[in-house]
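Line by line, the protein sequences give chains A and B. Note that this note's numbering gives residue 124 to position 111 of the first sequence, counting from 1, and the numbers run on in steps of one. Note that this note's numbering gives residue 96 to position 83 of the second sequence, counting from 1, and the numbers run on in steps of one. Here is the structure we will look at, set down as structure tokens.
Number of protein chains: 2
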Amino acid sequence: MGKCYLVGIGPGDAANMTGAARAALEEAELICGYTRYVDLLRPLFPEKRFYTTGMTGELERCRFCLERASEGLCCALVCSGDAGVYGMAGPALELGADYPGAEIIVIPGVTAAVSGAALLGAPLGHDFCVISLSDRLTDWAVIEKRLRLAAEGDFALCLYNPASRHRPDFLRRACDVLLEHKAAETVCGLARNIAREGESVRILSLKELRDAQADMFTTVFVGASSTKKIGERMVTPRGYRT
Amino acid sequence: MGKCYLVGIGPGDAANMTGAARAALEEAELICGYTRYVDLLRPLFPEKRFYTTGMTGELERCRFCLERASEGLCCALVCSGDAGVYGMAGPALELGADYPGAEIIVIPGVTAAVSGAALLGAPLGHDFCVISLSDRLTDWAVIEKRLRLAAEGDFALCLYNPASRHRPDFLRRACDVLLEHKAAETVCGLARNIAREGESVRILSLKELRDAQADMFTTVFVGASSTKKIGERMVTPRGYRT
Numbered sequence: 014m015g016k017c018y019l020v021g022i023g024p025g026d027a028a029n030m031t032g033a034a035r036a037a038l039e040e041a042e043l044i045c046g047y048t049r050y051v052d053l054l055r056p057l058f059p060e061k062r063f064y065t066t067g068m069t070g071e072l073e074r075c076r077f078c079l080e081r082a083s084e085g086l087c088c089a090l091v092c093s094g095d096a097g098v099y100g101m102a103g104p105a106l107e108l109g110a111d112y113p114g115a116e117i118i119v120i121p122g123v124t125a126a127v128s129g130a131a132l133l134g135a136p137l138g139h140d141f142c143v144i145s146l147s148d149r150l151t152d153w154a155v156i157e158k159r160l161r162l163a164a165e166g167d168f169a170l171c172l173y174n175p176a177s178r179h180r181p182d183f184l185r186r187a188c189d190v191l192l193e194h195k196a197a198e199t200v201c202g203l204a205r206n207i208a209r210e211g212e213s214v215r216i217l218s219l220k221e222l223r224d225a226q227a228d229m230f231t232t233v234f235v236g237a238s239s240t241k242k243i244g245e246r247m248v249t250p251r252g253y254r255t
Numbered sequence: 014m015g016k017c018y019l020v021g022i023g024p025g026d027a028a029n030m031t032g033a034a035r036a037a038l039e040e041a042e043l044i045c046g047y048t049r050y051v052d053l054l055r056p057l058f059p060e061k062r063f064y065t066t067g068m069t070g071e072l073e074r075c076r077f078c079l080e081r082a083s084e085g086l087c088c089a090l091v092c093s094g095d096a097g098v099y100g101m102a103g104p105a106l107e108l109g110a111d112y113p114g115a116e117i118i119v120i121p122g123v124t125a126a127v128s129g130a131a132l133l134g135a136p137l138g139h140d141f142c143v144i145s146l147s148d149r150l151t152d153w154a155v156i157e158k159r160l161r162l163a164a165e166g167d168f169a170l171c172l173y174n175p176a177s178r179h180r181p182d183f184l185r186r187a188c189d190v191l192l193e194h195k196a197a198e199t200v201c202g203l204a205r206n207i208a209r210e211g212e213s214v215r216i217l218s219l220k221e222l223r224d225a226q227a228d229m230f231t232t233v234f235v236g237a238s239s240t241k242k243i244g245e246r247m248v249t250p251r252g253y254r255t
């Protein structure tokens, strides 16, 4: 029986990793993950064994990690942000049924909704929805329905995977759905390359967001009707002042 | 001009604090916060100055902190979990307009949606909504509407503030709304006293959740239709296996 840690390392740099995440990586004899994220860790743990796969190799590295753990090796499968939010915790727990010798332990991390929000101010200060615009594993009809209901409920929104090479117009399509229920002047925000080189934020209206550029390293925030721009920050009040 | 850090310290113990949060607290000359959370930090920073207020003293300690920062003192206002999610980042940024001498910097942390999810498995592995059941600052009609729309959209849900002494039946009322659109057998979870003494989790059906006990140290998770119980874990698949 070996441990298989599912470790959220937070955004970009090591400063946003928790003490528990660091301890799990220190304990692990083998660290598995997507090449790009593991490369962030190599300098911190120069003595470790690493196993990396590319963007679409999720299940392969997950199985590899569970297999080694069930053989008794202490393993860590790393995810950017948090392992539970569109991360590998779900797939690992599903596959884990085939590896009773692997003890799966999820170590929480700072997901992009939270780290991007901190950069922008407090866009998620009241009730909010998190929706991925990726249709790789979800039908667009489901995504659109959820966007519409979230807008109808006047939730603040955080959108993951707003665009990729294969779906350059998804953010525009999402904005068109949101504009049916949200005002064109709704305060929105973009957080790019959070805690990495080229980190930047931008505050803009929903109308402007419709035409904004986003990529897979962008996290998008759409305000509720109460969301305000205060100086250069985006704030969704919880209501303390009213 | 002094810094005013808004620091999310994560759940309960220091292990879930990020490196950046710890660095901000080390830099701060004065640490402000709710008595209970500051007490967790005193042993880590025995030499610091502290300023604490009770549960409803949010605005008072926020003003105190901003005032000291605008006088040039480096201050940290601490929040349990993340400062942006139902935390003090919003109020501080709103009040901050009155204290141009205070430079507000938000340091993200592991919010209860993420830490509770990790304990339970991966209940938030796909699109989800975060809703507070507290009607202290929000009308129940708004809460109910959001619950209804979240259920209609088949989101997974994380509910903050599910109950308190003054509203012992709010979780039951919320479940009754959710049961209009979600099946009685929907997989749900409770995470109590996350990363603190008495930490526990429980997986149960929505029907059972309706009659479950919750308090202000409980975070509630309600699954989507795809959410499964796998062993003793609650998992909302992202769809990798389909």
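For glycine and all other residues, C-beta sits at the position ideal for the given N, C-alpha and C. Only a predicted model underlies this, so the values are computations on that prediction, with no experimental measurement involved.
- Query: At a Cβ threshold of 9 Å, is glutamate 107 of chain A touching chain B?
  - Reply: Looking up residue 107 of chain A in the first sequence gives position 94. So, interface residue.
- Would you kindly report the start and end of the unbroken beta strand (DSSP E) that includes tyrosine 18 of chain A? Within the first sequence, numbered from 1, the residue matching residue 18 of chain A stands at position 5. Element bounds for tyrosine 18 of chain A: 15 to 21.
- aspartate 167 of chain B: buried (16+ other C-beta within 10 angstroms of its C-beta) or exposed? Numbered from its first residue, the second sequence carries residue 167 of chain B at position 154. Aspartate 167 of chain B comes out buried.
- Quick one: complete beta strand (DSSP E) runs, 3+ long, within the segment 148 to 174 of chain B? 169 to 173
- Buried or exposed (CB count within 10 angstroms, at least 16 for buried), glycine 15 of chain B: Here the question's residue 15 of chain B lines up with position 2 in the second sequence. Under the 10 Å beta carbon count, glycine 15 of chain B is surrounded by 16 or more other beta carbons and is classified as buried.
- Task: Inspect the CB distances between the segment 112 to 128 of chain B and the segment 218 to 228 of chain B and report whether three or more fall short of 8 Å.
- Result: no
- Query: Nearest-angstrom Cα distance between aspartate 95 of chain B and threonine 31 of chain B?
  - Reply: Numbered from 1 along the second sequence, position 82 holds the residue referred to as residue 95 of chain B. Numbered from 1 along the second sequence, position 18 holds the residue referred to as residue 31 of chain B. So the two alpha carbons sit approximately 11 Å from each other.
- Do glycine 46 of chain B and cysteine 92 of chain B have their C-beta atoms within less than 9 Å of each other? Residue mapping note: residue 46 of chain B aligns to position 33 of the second sequence, counting from 1. Residue mapping note: residue 92 of chain B aligns to position 79 of the second sequence, counting from 1. Yes, they are a contact pair.
- Message: Give me the residue from A/Glu84, A/Ala89, A/Gly85 and A/Leu72 with the minimum Cα distance to leucine 54 of chain A.
- Response: In the first sequence, the residue the question calls residue 54 of chain A occupies position 41. Of A/Glu84, A/Ala89, A/Gly85 and A/Leu72, the residue nearest in Cα terms is A/Ala89.
- Message: What residue range does the alpha helix (DSSP H) around glycine 32 of chain B cover?
- Response: On the second sequence, residue 32 of chain B is found 19 positions in, with the first residue counted as 1. That run of the alpha helix (DSSP H) goes 32 to 40.
- From alanine 102 of chain B to threonine 249 of chain A, what does the alpha carbon distance come to, in whole angstroms? Numbered from its first residue, the second sequence carries residue 102 of chain B at position 89. Numbered from its first residue, the first sequence carries residue 249 of chain A at position 236. Each residue's alpha carbon lies about 10 Å from the other.
- Nearest-angstrom Cβ-Cβ length linking leucine 172 of chain A and leucine 146 of chain A, presumed shorter than 8 Å: The count along the first sequence starts at 1 and reaches residue 172 of chain A at position 159. The count along the first sequence starts at 1 and reaches residue 146 of chain A at position 133. So it is a contact: roughly 6 Å between Cβ atoms.
- Message: According to DSSP, simplified to helix, strand and coil, what is glutamate 116 of chain A?
- Response: As a working mapping, residue 116 of chain A is identified with position 103 in the first sequence. Reduced to three states, the DSSP call for glutamate 116 of chain A is strand.
- Kindly list the residues whose CB is nearer than 7 Å to the CB of arginine 76 of chain B, restricted to its own chain and excluding five residues on each side of it in sequence; keep chain order. For the purposes of this step, residue 76 of chain B is identified with residue 63 of the second sequence, where counting begins at 1. Once the five neighbours on either side are set aside, the close Cβ partners of arginine 76 of chain B are Leu108.
- Query: For histidine 179 of chain A, does the count of other Cβ atoms within 10 angstroms reach 16, so buried, or fall short, so exposed?
  - Reply: Numbered from 1 along the first sequence, position 166 holds the residue referred to as residue 179 of chain A. It is exposed - the Cβ of histidine 179 of chain A has fewer than 16 other Cβ atoms within 10 Å.
- Run down chain B in chain order and give the residues with a C-beta less than 9 Å from the C-beta of lysine 158 of chain A. Numbered from its first residue, the first sequence carries residue 158 of chain A at position 145. What lysine 158 of chain A touches in chain B: Glu165, Gly166 and Asp167.
- Message: On a Cα-Cα basis, can you pick out the residue from B/Pro59, B/Ala37, B/Glu80 and B/Leu133 that is closest to glycine 244 of chain B?
- Response: By one-based count along the second sequence, residue 244 of chain B stands at place 231. With distances taken between Cα atoms, glycine 244 of chain B lies closest to B/Leu133.
- Apart from the five residues on each side of it in sequence, which residues of its chain come closer than 6 Å, Cβ to Cβ, to leucine 217 of chain A? Locating residue 217 of chain A in the first sequence gives position 204, where the first residue counts as 1. Short of 6 Å from the beta carbon of leucine 217 of chain A, and not among the five residues preceding or following it, lie these beta carbons of its own chain, in chain order: Cys201.
- Query: So which residues on chain E does asparagine 29 of chain B lean against when the C-beta distance must stay under 8 Å?
  - Reply: Chain labels in this structure do not include chain E; the protein chains are A and B.
- Name the chain B residues whose beta carbon is nearer than 7 Å to that of leucine 162 of chain A? On the first sequence, position 149 is the one that residue 162 of chain A refers to. In chain order: Leu162, Glu165 and Gly166.
- Item | valine 143 of chain B, enclosing beta strand (DSSP E) - first and last residue | Walking along the second sequence from the start, residue 143 of chain B turns up at place 130. Per DSSP, valine 143 of chain B belongs to the beta strand (DSSP E) from 141 to 145.
- Which residues in the same chain have their Cβ closer than 6 Å to the Cβ of threonine 255 of chain B, if we skip the five residues on either side of it in sequence? Position 242 of the second sequence, counted from the first residue, corresponds to residue 255 of chain B. With a pLDDT of 46 at threonine 255 of chain B, under the threshold of 50, the predicted position of this residue should be treated as unreliable, though the coordinate-derived value follows. Cβ within range, chain order: n/a, list empty.
- Is lysine 61 of chain B helix, strand or coil by DSSP? Position 48 of the second sequence, counting from 1, holds the residue named residue 61 of chain B. Of the three classes helix, strand and coil, the one that applies to lysine 61 of chain B here is coil, per DSSP.
- List the residues of chain A whose Cβ lies closer than 8 Å to the Cβ of tyrosine 99 of chain B, in chain order. Residue mapping note: residue 99 of chain B aligns to position 86 of the second sequence, counting from 1. Correct list: Gly138, His139 and Arg251.
- Between the Cα of glycine 236 of chain B and the Cα atoms of B/Glu84, B/Ala34, B/Glu60 and B/Phe141, which residue gives the shortest distance? Locating residue 236 of chain B in the second sequence gives position 223, where the first residue counts as 1. Nearest option by C-alpha distance: B/Phe141.
- Pair within 9 Å by beta-carbon distance, phenylalanine 234 of chain A and alanine 164 of chain A: Counted from its first residue, the first sequence places residue 234 of chain A at position 221. Counted from its first residue, the first sequence places residue 164 of chain A at position 151. In this structure, alanine 164 of chain A does not lie closer than 9 Å to phenylalanine 234 of chain A by Cβ.
- Item | When A/Gly211, A/Ile118, A/Ala187 and A/Thr151 are compared against alanine 33 of chain A, the one with the closest alpha-carbon | Your numbering for residue 33 of chain A matches position 20 in the first sequence. Looking at the Cα atoms, A/Ile118 is the closest of the given residues.
- Under 9 Å, do valine 143 of chain B and leucine 137 of chain A count as touching if we go by C-beta distance? In the second sequence, residue 143 of chain B corresponds to position 130, counting from 1. In the first sequence, residue 137 of chain A corresponds to position 124, counting from 1. Closer than 9 Å, so yes.
- Query: Is glycine 100 of chain A buried or exposed, if buried means 16 or more other CB atoms sit within 10 Å of its CB?
  - Reply: Numbered from 1 along the first sequence, position 87 holds the residue referred to as residue 100 of chain A. The residue is buried, with at least 16 neighbouring Cβ atoms inside 10 Å.
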